[in-house]
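*Asks:* Protein chains in written order, with my numbering: chain A, 1 to 281; chain B, 282 to 521.
Each residue gets a CB set at the ideal place from its N, CA and C atoms; glycine is no exception.
Here it is: the structure, laid out below.
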């Protein structure tokens with residue numbers, strides 16, 4: 001046991017490990033907040049769709065050799081998020097089909113671009129990193145950490161201050177509109193926040209695993225807790241704990257960060273599931 | 282001055298007009314039931330009154346100090362709500378969202394109002410219960426309490442008794458009647474149930490190709506006349 005602690009203390013002396021830890025926890029916190037809203041609005045897969053869009057955007061950015069690819073990735077992902085949430089209401093192509101179309105399309109185009117215009121010697125390694133996150137989190141620079149901290153703080157505060165409105169719009173959009181709440185505006189806000197979270201979370205778990213980070217904490221919390229507030233708090237806490245544990249384990253065992261975190265999320269989900277099962281007997 | 286007066290109202294979606302030339306008004310203390318076949322435009326009319334969709338023509342005027350955003354609305358339940366993890370108190374309190382204006386959080390007054398309306402609907406004991414675990418009748422009371430948080434003058438109800446068993450249906454009708462009589466809240470109810478509409482309403486709006494707006498007594502009279510005409514006709518048919 002003390003051996004493990006020694007190893008951890010040794011690792012935490014390196015700044016990049018500390019950065020990774022801070023960023024991971026921040027991302028886990030902000031991604032869990034809107035999970036409840038997304039699950040309830042039947043948008044669980046939007047995270048998946050958007051992350052593939054972000055993947056495509058990263059491919060374009062690297063082809064264009066942009067110095068900071070976030071400048072391109074954020075706008076593209078945000079616009080897609082707005083389009084996807086819009087189409088949920090009235091469009092020729094219905095919600096889930098639109099998500100599937102955009103996500104698969106972006107994935108294919110992204111990979112194609114990376115392949116055709118590749119400058120890197122280790123293409124499959126690059127792609128794997130973008131898809132699964134693998135070790136990329138340990139290569140974060142100080143600027144990345146600061147950017148991530150600022151954006152997480154914005155997401156957190158936006159969520160706290162608009163909590164009552166987000167609840168109202170999620171629970172009953174028609175009622176909210178009837179009493180004069182600008183439901184479309186708040187839907188737009190939710191879309192933008194989701195896009196920001198997705199791009200942030202790509203650094204941590206890669207684009208294929210983001211949905212897990214968004215929906216697992218919410219689904220776990222919904223097994224056991226009965227009010228919106230307690231579900232939200234519980235999913236935030238469990239997401240942070242899972243992320244922290246996942247990062248620590250991946251440092252100790254040398255496993256990929258993203259999939260380790262998701263594996264722990266799954267375990268927590270089963271624990272909550274069992275609690276619910278035993279209680280309802 | 283009427284709370285709501287509609288003149289030459291034209292309703293429908295983009296290219297298809299469903300209802301044309303609709304005239305009626307609702308005064309405080311009125312209890313209006315909107316009846317008609319499926320697809321006749323009942324829900325469209327209701328959504329137009331609530332500003333959820335625009336009218337294609339004509340006008341709706343709100344009077345007597347009523348603002349369009351101060352109408353309490355009881356919608357039909359959606360699939361999302363059936364497994365929504367929210368406590369009764371959270372849902373009722375969300376009825377006060379129009380009072381938030383530029384504030385972020387609910388005030389003490391908002392919370393007091395939510396508790397008051399829960400007591401009014403007899404669900405104060407359910408305050409911390411989870412909405413999805415309640416019975417259909419209890420859920421309707423929760424949504425009614427939320428609607429009451431949004432209004433002091435008018436409630437718009439969309440088939441409030443759909444899916445409830447007969448006993449609970451009667452209870453809910455009596456509850457709504459009390460709100461109308463004792464709290465002087467005007468009621469507009471979209472309903473399938475002509476029997477109950479005739480029993481409780483003060484006015485009836487029948488939407489079909491030819492819309493009829495009448496007080497309850499006039500409506501019953503003309504309805505009976507129609508029925509007896511038809512009976513006579515069928516009697517004659519038998520004789521022939």
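(1) For the stretch 363-387 of chain B, enumerate the residues whose C-beta is nearer than 7 Å to any C-beta of chain A, in chain order.
(2) Between which residues of its own chain and residue 262/A is the CB-CB distance below 6 Å, once the five residues before and five after are set aside?
(3) When you compare only the Cα positions, how much space is there between residue 99/A and residue 207/A?
(4) Hey, does residue 431/B have any beta-carbon neighbour from chain A nearer than 8 Å?
(5) How would you list, in chain order, the residues of chain B whose beta-carbon sits under 9 Å from the beta-carbon of residue 156/A?
(6) Put residue 470/B into one of helix, strand or coil per three-state DSSP.
(7) Specify, as a first and last residue, the run of the alpha helix (DSSP H) that residue 417/B falls within.
(8) Considering only the beta carbon of each residue, do residue 312/B and residue 483/B sit closer than 8 Å?
(9) State the DSSP-derived secondary structure class of residue 316/B, mapped to helix, strand or coil.
(10) List the DSSP bridge partners of residue 495/B.
(11) I want to verify the contact list: residues of chain A whose CB lies under 8 Å from the CB of residue 354/B, in sequence order.
(12) Can you tell me which of the three DSSP states residue 397/B falls into?
(13) Please state if the CB of residue 38/A and the CB of residue 32/A are separated by a distance shorter than 8 Å.
(14) Taking 8 Å as the threshold (beta carbon to beta carbon), is residue 84/A in contact with chain B?
(15) Once the 5 residues before and after residue 466/B are set aside, which same chain residues still bring their CB inside 6 Å of it?
(16) Report the residues of the stretch 331-342 of chain B with a CB closer than 8 Å to any CB of chain A, ordered along the chain.
(17) Out of 234/A, 232/A, 239/A, 34/A, point me to the one whose CA is closest to residue 265/A's CA.
(18) To the nearest angstrom, how far is the alpha carbon of residue 473/B from that of residue 329/B?
(19) Straight-line CA distance for residue 446/B to residue 189/A?
(20) Please classify residue 414/B as buried or exposed, where buried requires at least 16 neighbouring CB atoms within 10 angstroms.
(21) Whose C-alpha, out of 144/A, 128/A, 35/A, is nearest the C-alpha of residue 229/A?
(22) Spatial neighbours of residue 470/B within its chain, please: CB distance less than 6 Å, with the 5 preceding and 5 following residues excluded, ordered by chain position.
(23) Run through chain A and tell me which residues come within less than 9 Å of residue 350/B, C-beta to C-beta.
(24) Only counting the same chain, and skipping five residues up and downstream in sequence, which positions put a Cβ closer than 7 Å to that of residue 505/B?
(25) Counting only Cβ pairs nearer than 8 Å, list the residues of chain A close to residue 411/B.
(26) Determine the DSSP secondary structure at residue 520/B, reduced to helix, strand or coil.
(27) Looking only at its chain, what residues have a beta carbon closer than 7 Å to the beta carbon of residue 393/B, apart from the 5 residues adjacent to it on each side?
(28) Quick one: what does DSSP say residue 437/B is sitting in, helix, strand or coil?
(29) Between the alpha carbons of residue 51/A and residue 18/A, how many angstroms are there, rounded?
(30) For residue 231/A versus residue 378/B, is the C-beta distance shorter than 8 Å?
(31) Check this for me: beta carbons of residue 107/A and residue 56/A, under 8 Å apart or not?
(32) Quick one: residues in its chain with C-beta nearer than 7 Å to the C-beta of residue 281/A, no 5 flanking neighbours on either side, listed in chain order?
(33) Pull up the DSSP beta-bridge partners for residue 298/B, would you.
(34) Check distances from the C-beta atoms of the stretch 219-249 of chain A to those of chain B and list, in chain order, the residues that come in under 9 Å.
(35) Using a Cβ-Cβ cut-off of 8 Å (strictly less than) and excluding sequence neighbours within five positions of residue 432/B, which residues of its own chain qualify?
(36) Please determine if the stretch 357-368 of chain B and the stretch 382-393 of chain B are in contact, where contact requires at least 3 C-beta pairs separated by less than 8 Å.
*Replies:* In brief:
(1) Correct list: 365, 366, 367, 368, 371, 372, 375, 378, 379, 381, 385, 386, 387.
(2) Here residue 262/A has 209, 212 as same chain residues with Cβ atoms under 6 Å from its own Cβ, once five neighbours each way along the sequence are excluded.
(3) Distance between residue 99/A and residue 207/A, taken at the CA atoms: about 15 Å.
(4) yes
(5) Result: empty, since nearest Cβ-Cβ is about 14 Å, beyond 9 Å.
(6) strand
(7) Segment 417-431, the alpha helix (DSSP H) holding residue 417/B.
(8) Their beta carbons are under 8 Å apart, which means residue 312/B touches residue 483/B by this criterion.
(9) strand
(10) 485/B
(11) 174, 175, 178, 179
(12) helix
(13) No.
(14) It does not; no Cβ of chain B falls within 8 Å.
(15) Excluding the 5 residues flanking it on each side, residue 466/B has same chain C-beta neighbours closer than 6 Å at 436, 460, in chain order.
(16) 331, 332, 333
(17) 239/A
(18) 19 Å
(19) 41 Å
(20) exposed
(21) 35/A
(22) The answer, listed in chain order, is 314, 438.
(23) Within chain A, 178, 179, 180, 181 have C-beta atoms less than 9 Å from the C-beta of residue 350/B, given in sequence order.
(24) Excluding sequence neighbours, residue 505/B sits near nothing in its chain.
(25) 226, 227, listed in chain order.
(26) The predicted model places residue 520/B with a pLDDT of 47, which falls under 50 and marks its position as unreliable, so this point remains unresolved.
(27) none
(28) In this structure, DSSP gives residue 437/B an extended state, which the three-state scheme calls strand.
(29) 25 Å
(30) no
(31) Contact flag set, yes.
(32) none
(33) 293/B
(34) 221, 222, 225, 226, 227, 228, 229, 230, 231
(35) Once the five neighbours on either side are set aside, the close Cβ partners of residue 432/B are 351, 352, 353, 466.
(36) no
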